[in-house]
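Asks: I have a structure I would like to understand better, so I am pasting it below and will then ask my questions one at a time.
Residue numbers (the working numbering): 25 to 471.
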């Protein structure tokens with residue numbers, strides 16, 4: 025029988041991986057340093073990256089300053105400082121007269137401060153109403169989704185009918201932010217070995233890698249690193265082809281938050297029935313929600329209004345797509361799982377976590393099947409969109425290739441572990457454990 029599909033004439037996977045690794049090393053060691061040396065904005069962004077460990081709610085410091093201002097306002101309203109007499113308490117309007125009474129000018133000053141205090145409270149209460157936020161799921165990679173939002177006029181269907189791209193008022197423009205689904209152990213993950221997951225994809229096309237400082241690692245369980253003004257130097261085409269380098273005028277900017285996801289969680293329902301939906305344990309679910317909440321706090325706290333997220337941890341890390349989608353929905357809706365109780369404090373926390381700063385949230389998922397499962401679990405009427413003008417079939421080939429290989433290795437490892445548990449012969453057991461160790465090392469290289 026003949027082929028069911030036309031041959032693409034591709035080199036074997038191992039050779040393609042070596043080609044990617046070689047080009048990635050050239051990009052990291054030659055291209056990026058040259059760009060940083062000649063571009064002050066990109067260099068400043070790489071040097072100024074910050075690490076956030078378990079960040080608090082957005083606006084927490086602002087609320088604290090408001091509380092201090094309130095006390096100062098009360099203090100000013102209750103006291104008047106006079107030359108040679110120090111700080112004295114203001115008496116009621118009806119009490120006292122002459123020098124010891126409150127002069128008309130002082131009363132006007134007190135009233136003015138009282139008015140300012142009222143205005144301040146009104147401005148503090150204003151953000152509690154939740155604005156409309158647009159949520160989308162697009163079958164594409166993170167950089168293509170970011171380009172779509174930054175330059176909507178370049179695509180057949182205008183996707184974002186809002187302000188024009190950063191051609192005017194550059195000082196006031198805020199970049200959109202991309203979630204780098206990072207390795208918690210090493211900067212860039214497996215970039216220099218030819219891996220093709222999302223972090224390697226970003227680091228092989230932008231100036232992100234130099235900003236991921238060794239001192240940041242291991243990345244915190246809750247939190248991440250924020251990098252402003254990451255310069256995009258290549259398009260989203262395959263790295264192994266050696267094409268896709270952008271000209272100086274075609275380059276553009278993004279902000280990036282890098283955070284690590286839960287790895288190989290213990291899943292409920294995984295052993296009882298293979299067809300049953302796999303779910304996190306309660307402990308893992310709460311940890312993931314804290315991770316997601318921390319990412320959104322960093323994004324919103326740094327002033328970003330548009331963010332590119334994804335099916336975080338659903339590839340090589342083995343997190344269920346349906347659980348990740350539901351967790352994102354819960355966190356974006358402002359639900360709080362930390363602590364307990366209720367009352368005014370509880371309501372205030374819910375208002376703070378409404379993410380009113382975010383205008384657009386895009387989930388960029390390259391795998392069509394995964395995007396469909398994600399949308400179904402996310403709910404809310406959010407539909408899966410194709411990338412306007414994009415290649416529907418070619419976007420996911422490299423990443424799917426690695427994910428399929430990792431998934432196959434994981435299946436083999438699980439099967440081998442079950443077989444070893446049933447073997448009593450010491451020699452046979454030792455040989456099988458050697459094979460198991462080799463499979464684990466292969467999985468570690470691909471991850």
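For every residue, glycine included, the Cβ atom is placed at its ideal position computed from N, Cα and C.
Taking the C-alpha atoms as reference points, what is the distance between residue 446 and residue 293?
Replies: Their Cα atoms are separated by approximately 22 Å.
Asks: Quick check on residue 39: buried or exposed, where buried means 16 or more other Cβ atoms within 10 Å of its Cβ?
Replies: Counting Cβ neighbours within 10 Å, residue 39 comes out exposed, since fewer than 16 surround it.
Asks: On the DSSP bridge assignment, give the partners of residue 251 in chain order.
Replies: The partner list for residue 251 (beta bridge, DSSP) reads 280.
Asks: Give the straight-line distance between the Cα atoms of residue 344 and residue 256, rounded to the nearest whole angstrom.
Replies: The straight-line gap from Cα to Cα measures roughly 31 Å.
Asks: Taking its Cβ as the centre, do 16 or more other Cβ atoms sit within 10 Å of residue 325, making it buried, or is it exposed?
Replies: It is buried - the Cβ of residue 325 has at least 16 other Cβ atoms within 10 Å.
Asks: Please classify residue 103 as buried or exposed, where buried requires at least 16 other C-beta atoms within 10 Å of its C-beta.
Replies: For residue 103, the predicted model reports a pLDDT of 46, less than 50, meaning its position is unreliable and no value from the coordinates is stated.
Asks: Over the uninterrupted beta strand (DSSP E) stretch that includes residue 75, give me the two end residues.
Replies: It spans 74-77 - the beta strand (DSSP E) in which residue 75 sits, taken as one unbroken run.
Asks: Quick one: what does DSSP say residue 390 is sitting in, helix, strand or coil?
Replies: Here residue 390 sits in coil by DSSP.
Asks: Going by alpha carbons, who is nearest to residue 314 out of 56, 57, 391, 78?
Replies: Among 56, 57, 391, 78, the Cα nearest to that of residue 314 belongs to 78.
Asks: Quick check on this structure: which residue in 180, 200, 160 has the alpha carbon closest to the alpha carbon of residue 170?
Replies: Of 180, 200, 160, the residue nearest in Cα terms is 200.
Asks: What separation, rounded to the nearest whole angstrom, lies between the Cα atoms of residue 398 and residue 448?
Replies: For residue 398 and residue 448, the distance between alpha carbons rounds to 43 Å.
Asks: With respect to the alpha helix (DSSP H) encompassing residue 408, which residues constitute its N-terminal and C-terminal limits?
Replies: Segment 408-410 is the beta strand (DSSP E) holding residue 408; no alpha helix (DSSP H) there.
Asks: From residue 258 to residue 464, what distance separates their C-alpha atoms?
Replies: Going by the C-alpha atoms only, they are around 33 Å apart.
Asks: I need the DSSP call for residue 206, collapsed to helix, strand or coil.
Replies: In the structure shown, residue 206 sits in a strand (DSSP, three-state: E or B).
Asks: Rounded to whole angstroms, what is the Cα-Cα separation between residue 455 and residue 440?
Replies: Each residue's alpha carbon lies about 11 Å from the other.
Asks: When burial is assigned at 16 or more other CB atoms within 10 Å of the CB, is residue 209 buried or exposed?
Replies: By the neighbour-count rule (16 or more Cβ atoms within 10 Å), residue 209 is not buried but exposed.
Asks: For the beta strand (DSSP E) that residue 333 lies in, which residues bound it at each end?
Replies: Per DSSP, residue 333 belongs to the beta strand (DSSP E) from 330-333.
Asks: Would you mind working out which of 53, 351, 70, 244 sits nearest residue 312, comparing C-alpha positions?
Replies: Of the candidates 53, 351, 70, 244, the one whose C-alpha sits nearest the C-alpha of residue 312 is 351.
Asks: In this structure, does DSSP put residue 246 in helix, strand or coil?
Replies: In this structure, residue 246 counts as coil in the three-state DSSP scheme.
Asks: Considering only their Cβ atoms, is the gap separating residue 329 from residue 163 smaller than 7 Å?
Replies: For residue 163 and residue 329, no; Cβs fall outside 7 Å.
Asks: Please confirm whether residue 74 and residue 225 have their CB atoms less than 7 Å apart.
Replies: Against a cut-off of 7 Å, the Cβ pair of residue 225 and residue 74 comes out as no contact.
Asks: Does the distance from the CB of residue 402 to the CB of residue 247 come in under 7 Å?
Replies: Result no, Cβ atoms of residue 402 and residue 247 do not sit closer than 7 Å.
Asks: Please report the distance separating the alpha-carbon of residue 206 from that of residue 457.
Replies: Their backbone Cα atoms lie some 30 Å apart in a straight line.
Asks: Name the DSSP bridge partner or partners of residue 313?
Replies: Beta-bridge pairing links residue 313 to no other residue.
Asks: Taking residue 174 as part of the beta strand (DSSP E), name the residues at either end of that continuous run.
Replies: Run containing residue 174: none in the beta strand (DSSP E); it sits in the alpha helix (DSSP H), 166-174.
Asks: Buried or exposed: which applies to residue 340, given that a residue is buried once 16 or more other Cβ atoms fall within 10 Å of its Cβ?
Replies: Under this definition residue 340 is a buried residue.
Asks: Leaving out five residues before and five after residue 230 in sequence, what residues of the same chain have Cβ atoms less than 7 Å from its Cβ?
Replies: Excluding positions up to five away in sequence, the list reads 254, 255, 256, 257.
Asks: Do residue 322 and residue 388 have their C-beta atoms within less than 7 Å of each other?
Replies: Not closer than 7 Å, so no.
Asks: For residue 67 versus residue 60, is the C-beta spacing smaller than 7 Å?
Replies: Contact: yes.
Asks: Are the beta-carbon atoms of residue 309 and residue 355 separated by less than 7 Å?
Replies: Not a contact, by the Cβ cut-off of 7 Å.
Asks: Using CA atoms only, rank isn't needed, just tell me which of 47, 42, 157, 65 is closest to residue 358.
Replies: Answer by Cα proximity: 157.
Asks: For residue 69 versus residue 275, is the C-beta distance shorter than 7 Å?
Replies: The answer is no: Cβ separation not under 7 Å.
Asks: So, helix, strand or coil for residue 458, using DSSP?
Replies: It is helical.
Asks: In three-state terms, what does DSSP make of residue 370?
Replies: Confidence at residue 370 is low in this model, with a pLDDT of 46, below 50, so its placement is unreliable and no value can be given for it.
Asks: I need the DSSP call for residue 305, collapsed to helix, strand or coil.
Replies: Coil.
Asks: Skipping 5 residues on each side, what residues in its chain have a beta carbon closer than 6 Å to that of residue 269?
Replies: 258, listed in sequence order.
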